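Data first, discussion second: the structure below is written as structure tokens.
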Amino acid sequence: TFLCLCPTGRSGRFCEIVDPCLITSGTIAPCRNGGTCIRLSTTSYLCVCPIGFTGAYCDIANPCSNMPCAANATCAALINGSAICLCPPGMTGSRCNQTVLSSFCASSPCLNNGTCIGTICLCPINTTGPTCNAIGTSCPTSSRPTLVCLNGGTCIPGYGCFCNVGFTGENCGTPIFNSCTRSTCFNGGTCVQLFNDTLICLCPAGYTGSRCEAYNSLCVPNPCQFNGTCIPSGTTGYICICPPSFTGPQCNLVTNPCLYLP
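What follows is the structure, encoded as structure tokens:
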């Protein structure tokens, strides 16, 4: 067996591994300004720089070390060696320490204790709208954490808003306009608007058609005997609803002959 005593800058059993981070006599440290050298391979290394310096060899002074930006602002180093402060909404100035006085906020547009920042209103719980003018029920979901149910809508946790009759939309803020008018149905017909916005007419006795425009003479006079009730069926027929003890197409058949025994 044998043991190799390696010179500075080499290691390994046979001194075959070169450590690029070791400093030999007359050489300069690979990492400047107190940077820490970390060997990656026999020929490459990485410099971990102290605060205030950057670059592959920690030889570039970090301009952000002398650029104190205000709270919530971010310092960005530029290529030319200078730095700027990136301001959050509502702040300005070279250090982001000045409040933006916008014409929007000057008029105090936010209602119900909303907070004005720049050109928007941050609304408190149970309020929504451009100026926090709509009051409802807070109903946060995974996709809309600030969802508020309006117009009496009911919040179903984890699902969203269940809207009252006459309103629709994710937050029940869209009214459903009733398209029925006096001229929709004729002859006393009643207009009904379905959920898919389809209109139908409920016609009174003696009238038929999509708008109750056709007079149904099949039931006038009443063809049903013994006070049977005539109901139009389509446009060419009718059905007789017979009273007890009577049957037949026109209620003309007696089901209980005992009624006529002398």
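For the sequence shown, the positions run 1 to 262 when full-length UniProt numbering is used. Glycine included, each C-beta is placed from N, C-alpha and C at the ideal position. Small disclaimer: the values here were computed from a predicted structure and weren't measured.
Spell out a yes or no on whether the region 153 to 167 and the region 182 to 194 are touching, meaning 3 or more CB-CB pairs, one atom from each, closer than 8 Å.
They do not touch, by the three-pair rule.
Scan the UniProt domain "EGF-like" (60 to 97) and note each continuous alpha helix (DSSP H) run of 4 residues or more that stays entirely inside, going in chain order.
none
Look up Ser11 in the DSSP assignment and say whether it is helix, strand or coil.
strand
Determine the contact status of Cys172 and Asn151, defining contact as a CB-CB distance below 9 Å.
yes
Does the Cβ-Cβ distance between Cys105 and Gly93 come in under 9 Å?
The Cβ atoms of Cys105 and Gly93 lie no closer than 9 Å to each other.
For Pro26 versus Tyr57, is the C-beta spacing smaller than 9 Å?
Here residue 26 turns out to be Gly, not Pro, going by the sequence shown. In this structure, Tyr57 does not lie closer than 9 Å to Gly26 by Cβ.
From Pro130 to Thr154, what distance separates their C-alpha atoms?
22 Å
By DSSP's criteria, Ile176 is part of a beta bridge. Which residues make up the other side?
Ile176 pairs with nothing; no bridge assigned.
Have a look at Pro19 and Cys6 and give me their C-alpha separation to the nearest angstrom.
Position check: residue 19 holds Asp in this sequence, whereas Pro was assumed. Approximately 11 Å between the Cα atoms of the pair.
Once the 5 residues before and after Leu111 are set aside, which same chain residues still bring their CB inside 7 Å of it?
Answer for Leu111: Thr131, Cys132 and Asn133, listed in chain order.
So, helix, strand or coil for Ser44, using DSSP?
Here Ser44 sits in coil by DSSP.
Are the Cβ atoms of Ala73 and Cys49 separated by less than 9 Å?
no
Could you pull the DSSP bridge partners for Asn36 from this structure?
A quick correction: the sequence has Thr, not Asn, at residue 36. Answer by DSSP bridge pairing, in chain order: Val48.
Which two residues bound the contiguous alpha helix (DSSP H) that contains Phe162?
Unbroken run through Phe162 is the beta strand (DSSP E), Gly160 to Phe162; no alpha helix (DSSP H).
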